[in-house]
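J.: Sequences listed follow chains S and L, in order. Start counting the first sequence at 1; every next residue gets the next number (the numbering used here). Start counting the second sequence at 1001; every next residue gets the next number (the numbering used here). Here a beta-carbon is modelled for each residue, glycine too, at the ideal position from N, C-alpha and C.
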Amino acid sequence: MTAGGRWRRLGARLLRYWRRFERGHELLLVSRWRQGLRKEARRRDDTLRTLLLLESLGVDNPVAYETLDAVPYLVADFHAWHRRMGRDEFGDAGVCC
Amino acid sequence: MIRFFGGKGGVGKTTLAAAFAVRQARRGVRTLVVSTDPAHSLGDVLGESLSDEPRSVGESLLAAEISGERQASNRVAEVLEDARHAVPREVLPAVERHLRRAVDSPGTVESALLDRLTDLVERTGRDWDLLVVDSAPTGHMLRLLSLPALLTPWIEGLAHNRKQARDVDRFADGLLGEVGPQNDPLLERLQNRRRRLEALQSRLREDARVHLVLVPERLPLAETERAADQLAEAGVSLGAVLVNRVASGDESGVLARRRTQERAVLARVRERFGGEETGVLTVPLLPGELTGVADLAEASGWLQSLDPPGPREA
Ligand SMILES: Nc1ncnc2c1ncn2[C@@H]1O[C@H](COP(=O)(O)OP(=O)(O)OP(=O)(O)O)[C@@H](O)[C@H]1O
Ligand SMILES: [Mg+2]
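#1: In chain S, which residues lie less than 7 Å from Ala-1234(L) when you measure between Cβ atoms?
#2: Considering Asp-1295(L), what are the terminal residues of the alpha helix (DSSP H) in which it resides?
#3: Does the beta-carbon of Gln-1071(L) have 16 or more other beta-carbons within 10 angstroms, so that it is buried, or is it exposed?
#4: Of the choices Ser-1056(L), Val-1033(L) and Leu-1080(L), whose alpha-carbon is the least far from that of Ile-1066(L)?
#5: Can you tell me where the alpha helix (DSSP H) holding Pro-1185(L) begins and where it ends?
#6: Report yes or no: do the region 70–81 of chain S and the region 1092–1112 of chain L share at least 3 C-beta pairs separated by less than 8 Å?
#7: Between Ser-1202(L) and ligand 2, is the CB less than 7 Å from at least one heavy atom?
#8: So with Cβ pairs under 8 Å, would you call His-1098(L) a contact of chain S?
#9: Can you list, in chain order, the residues of its chain whose CB lies under 6 Å from that of Gly-1288(L), leaving out five sequence neighbours each side?
#10: Check whether the Cβ of Ser-1041(L) sits closer than 7 Å to any heavy atom of ligand 2, and report yes or no.
#11: Classify Gly-1010(L): buried if its beta carbon has 16 or more other beta carbons within 10 angstroms, exposed otherwise.
#12: If you draw a straight line from the alpha carbon of Thr-1086(L) to that of Pro-1093(L), how long is it in whole angstroms?
#13: Just checking Thr-1036(L) against ligand 1 - is the residue's beta carbon closer than 7 Å to any of the ligand's heavy atoms?
#14: Please list, in chain order, the chain S residues whose beta carbon lies closer than 8 Å to that of Ser-1067(L).
#15: Do Leu-1187(L) and Arg-1162(L) have their C-beta atoms closer together than 8 Å?
#16: For Thr-1118(L), which residues in the same chain have their Cβ closer than 7 Å to its Cβ, ignoring the five residues on either side in sequence?
#17: Does ligand 2 have even one heavy atom less than 7 Å from the beta-carbon of Thr-1152(L)?
#18: Are Val-1236(L) and Val-1269(L) closer than 8 Å when you measure CB to CB?
#19: Taking the beta strand (DSSP E) that Ala-1063(L) falls in, what are its first and last residues?
#20: Counting only beta-carbon separations shorter than 8 Å, does Glu-1122(L) have a partner in chain A?
#21: Just to check, is the beta-carbon of Thr-1014(L) closer than 7 Å to a non-hydrogen atom of ligand 2?
#22: Using a C-beta cutoff of 8 Å, does Pro-1038(L) count as contacting chain S?
#23: Tell me the start and end of each unbroken beta strand (DSSP E) in the region 1205–1259 of chain L that is at least 3 residues and wholly inside, in chain order.
#24: Would you say His-82(S) reaches chain L, if we count a Cβ-Cβ gap shorter than 8 Å as a contact?
#25: So what's Thr-1138(L) in DSSP terms, helix, strand or just coil?
#26: Using 10 angstroms around the beta-carbon of Ser-1248(L), count the other beta-carbons present and answer buried if the total reaches 16, otherwise exposed.
#27: With 16 as the cutoff for other CB atoms within 10 Å, does Leu-1242(L) come out buried or exposed?
#28: For the alpha helix (DSSP H) containing Gly-1310(L), name the first residue and the last one.
#29: Which stretch, first to last residue, makes up the alpha helix (DSSP H) that contains Leu-1281(L)?
#30: Name the chain S residues that come within less than 7 Å of Pro-1088(L), Cβ to Cβ?
#31: Give me the DSSP bridge partner(s) of Ser-1035(L).
#32: Can you name the start and end residues of the alpha helix (DSSP H) that Arg-83(S) belongs to?
#33: Since Ile-1155(L) meets chain S, which of its residues come closer than 9 Å, beta carbon to beta carbon?
#34: Please classify Arg-23(S) as buried or exposed, where buried requires at least 16 other C-beta atoms within 10 Å of its C-beta.
#35: Can you find a heavy atom of ligand 1 that lies under 7 Å from the Cβ of Arg-1226(L)?
#36: Based on DSSP bridge pairs, tell me the residues matched to Arg-1055(L).
Structure, rendered in structure tokens:
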């Protein structure tokens, strides 16, 4: 399989995972289009965030080494995100705190 | 100038890479010979104890044995140290857990090895003029060489995704009259890694030659032909193909029969690789231990036709 094909397949899988995850977090549902825009931005970030934290979901990341630099930023992003959602602790120490 | 020596297990890669390096150093070419094989034997062949950092083992000659595992754990320590100043204290344990998990991902050791090799490639032409790589068996080497091609689209995807998210965010901020963040440190880092991989890739394509080593038997021949195809696909040039441990031809009995088989394989090797661009070099079955710089220098006469232009000719 080509790297591009793998990327797309993984992307689809992530999105599915993320949708399932979001269902429990309806807080993100927004009405105004500006908020919609922001949400879109977050969703994109979320996909990336999830991709880079794939190891905690048991999915192998073939570029894990190349993206090591990103891990602290992504965990910090994740932390900020669950606090925005009104949770001081995420509740899964394997993912955040 | 970069030369890889690759081939099936036990065909003589380490011996020939070391002999080649010793020979070039004696011609006055500042040379580093480095082993990337997880089961290092370069130090044994040179009769020196080697580590991750190149050390002098003779005039104009440096040697090292690099390890993907060590590089990966060094990188984790580095990233963790940076993180201490960059992220909230309470998430540090989670960061550390994610890093350790990332290091256990398949492919990480190879990527880390490539990362360390990139350091050495970058220093080639400055700290030494010739880099000789005693590589691991063929499959490992091919993966090593194809990694940049495999990783580049991934990193591009990541960077693109991240940039889009930033742009949409900035657009929304603009509507509110807020000022968005100008620099995205994560994006910068991802792009730096991509640039580094791309630089390595073009350096390998322009400046590297792979010498495939085989012994004159049928199985190694098939693997060599496959490796040559895959290397061509990866855009890396072949150097002369080395047929090692060729019998002298004056044997009788069983050895004479073997000799007939050898001739058939040699003919096929010449047919496939004998063109002007690559060429074929045969190295006979040599006497002696073939260890230590002096022994290797003696054996290296057979490698004369591989000589790049030396500083004394240039
Ligand atoms: N031309 C030769 N004549 C005689 N012996 C040789 C010759 N070339 C290599 N040898 C011997 O063959 C053995 C294997 O060689 P070497 O370790 O260089 O192979 P290698 O391809 O690096 O093996 P590995 O895949 O295990 O790293 C060694 O004992 C070496 O001394
Ligand atoms: Mg070897």
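T.: So, from the data block:
#1: Here residue 1234(L) refers to the residue found at position 234 when the second sequence is read from its first residue. Contact note: Ala-1234(L) does not reach chain S at a C-beta cutoff of 7 Å; the least C-beta distance is about 13 Å.
#2: For the purposes of this step, residue 1295(L) is identified with residue 295 of the second sequence, where counting begins at 1. Element bounds for Asp-1295(L): 1293–1299.
#3: On the second sequence, position 71 is the one that residue 1071(L) refers to. With 16 or more Cβ atoms within 10 Å of its Cβ, Gln-1071(L) is classed as buried.
#4: Position 66 of the second sequence, counting from 1, holds the residue named residue 1066(L). Out of Ser-1056(L), Val-1033(L) and Leu-1080(L), Val-1033(L) has the C-alpha closest to the C-alpha of Ile-1066(L).
#5: Locating residue 1185(L) in the second sequence gives position 185, counting from the first residue. Counting along the chain, Pro-1185(L) sits inside the alpha helix (DSSP H) bounded by residues 1185–1207.
#6: Pairwise C-beta distances place the region 70–81 of chain S in contact with the region 1092–1112 of chain L, as three or more of them are shorter than 8 Å.
#7: Counting from 1 along the second sequence, the entry for residue 1202(L) is found at position 202. It does not: the Cβ of Ser-1202(L) is nowhere closer than 7 Å to a heavy atom of ligand 2.
#8: Taking the second sequence and counting its residues from 1, one reaches residue 1098(L) at position 98. The C-beta of His-1098(L) comes closer than 8 Å to at least one C-beta of chain S.
#9: Along the second sequence, read from residue 1 onward, the residue named residue 1288(L) stands at position 288. Excluding residues within five positions, the ones whose Cβ falls inside 6 Å are Asp-1295.
#10: Here residue 1041(L) is taken as the residue at index 41 of the second sequence, counted from 1. For Ser-1041(L), the Cβ falls inside the 7 Å cut-off from some heavy atom of ligand 2.
#11: As a working mapping, residue 1010(L) is identified with position 10 in the second sequence. Around the beta carbon of Gly-1010(L), a 10 Å sphere encloses fewer than 16 other beta carbons of the protein chains shown; the residue is thus reported as exposed.
#12: Locating residue 1086(L) in the second sequence gives position 86, where the first residue counts as 1. Locating residue 1093(L) in the second sequence gives position 93, where the first residue counts as 1. Checking the displayed sequence, the identity of residue 1086(L) turns out to be Ala instead of Thr. One C-alpha to the other measures close to 14 Å.
#13: Counted from its first residue, the second sequence places residue 1036(L) at position 36. Checking the Cβ of Thr-1036(L) against ligand 1 gives no.
#14: Start at 1 with the first residue of the second sequence, and residue 1067(L) comes out as number 67. Residues of chain S passing the Cβ test: none, with the nearest at roughly 14 Å.
#15: Locating residue 1187(L) in the second sequence gives position 187, counting from the first residue. Locating residue 1162(L) in the second sequence gives position 162, counting from the first residue. Yes, they are a contact pair.
#16: Working through the second sequence from its first residue, we reach residue 1118(L) at position 118. Result list for Thr-1118(L): Arg-1196 and Leu-1200, in chain order.
#17: Here residue 1152(L) corresponds to residue number 152 of the second sequence, with the count starting at 1. It does not: the Cβ of Thr-1152(L) is nowhere closer than 7 Å to a heavy atom of ligand 2.
#18: Numbered from 1 along the second sequence, position 236 holds the residue referred to as residue 1236(L). Numbered from 1 along the second sequence, position 269 holds the residue referred to as residue 1269(L). The answer is no: Cβ separation not under 8 Å.
#19: Residue mapping note: residue 1063(L) aligns to position 63 of the second sequence, counting from 1. Segment 1061–1065, the beta strand (DSSP E) holding Ala-1063(L).
#20: Annotation note: the requested chain A is absent from the structure, which comprises protein chains S and L.
#21: Taking the first residue of the second sequence as position 1, residue 1014(L) is located at position 14. Within the chosen limit of 7 Å, ligand 2 reaches the beta carbon of Thr-1014(L) through at least one heavy atom.
#22: Along the second sequence, read from residue 1 onward, the residue named residue 1038(L) stands at position 38. No, Pro-1038(L) lies away from the interface with chain S (no Cβ there is under 8 Å from its Cβ).
#23: Segments of the beta strand (DSSP E) lying fully in the region 1205–1259 of chain L: 1208–1214 and 1241–1246.
#24: To locate residue 82(S), count along the first sequence from 1; it is residue 82. No, no contact with chain L.
#25: The count along the second sequence starts at 1 and reaches residue 1138(L) at position 138. In this structure, DSSP gives Thr-1138(L) a helical state, which the three-state scheme calls helix.
#26: Taking the first residue of the second sequence as 1, we reach residue 1248(L) at position 248. Exposed, since its Cβ has fewer than 16 Cβ neighbours within 10 Å.
#27: Taking the second sequence and counting its residues from 1, one reaches residue 1242(L) at position 242. Its Cβ being crowded by 16 or more others within 10 Å, Leu-1242(L) is buried.
#28: On the second sequence, position 310 is the one that residue 1310(L) refers to. From DSSP, Gly-1310(L) is part of no alpha helix (DSSP H); its letter is neither H nor E.
#29: Taking the first residue of the second sequence as 1, we reach residue 1281(L) at position 281. That residue, Leu-1281(L), is in no alpha helix (DSSP H); its beta strand (DSSP E) goes 1280–1284.
#30: On the second sequence, residue 1088(L) is found 88 positions in, with the first residue counted as 1. Within chain S, Ala-76 and His-79 have C-beta atoms less than 7 Å from the C-beta of Pro-1088(L), given in sequence order.
#31: Here residue 1035(L) corresponds to residue number 35 of the second sequence, with the count starting at 1. Here Ser-1035(L) is bridged, per DSSP, to Glu-1065(L) and Asp-1134(L).
#32: What you label residue 83(S) is simply residue 83 of the first sequence in a count that begins at 1. Its alpha helix (DSSP H) spans residues 70–84.
#33: Here residue 1155(L) corresponds to residue number 155 of the second sequence, with the count starting at 1. Within chain S, the residues near Ile-1155(L) are Val-63, Glu-66 and Thr-67.
#34: Start at 1 with the first residue of the first sequence, and residue 23(S) comes out as number 23. Because the pLDDT of Arg-23(S) is 47, which lies under 50, any placement of that residue in the model is unreliable, and the number read from its coordinates should be weighed accordingly. The residue is exposed, with fewer than 16 neighbouring Cβ atoms inside 10 Å.
#35: Along the second sequence, one-based indexing puts residue 1226(L) at 226. Not so, every heavy atom of ligand 1 lies at least 7 Å from the Cβ.
#36: Taking the first residue of the second sequence as position 1, residue 1055(L) is located at position 55. BP columns for Arg-1055(L) point to Ala-1063(L).
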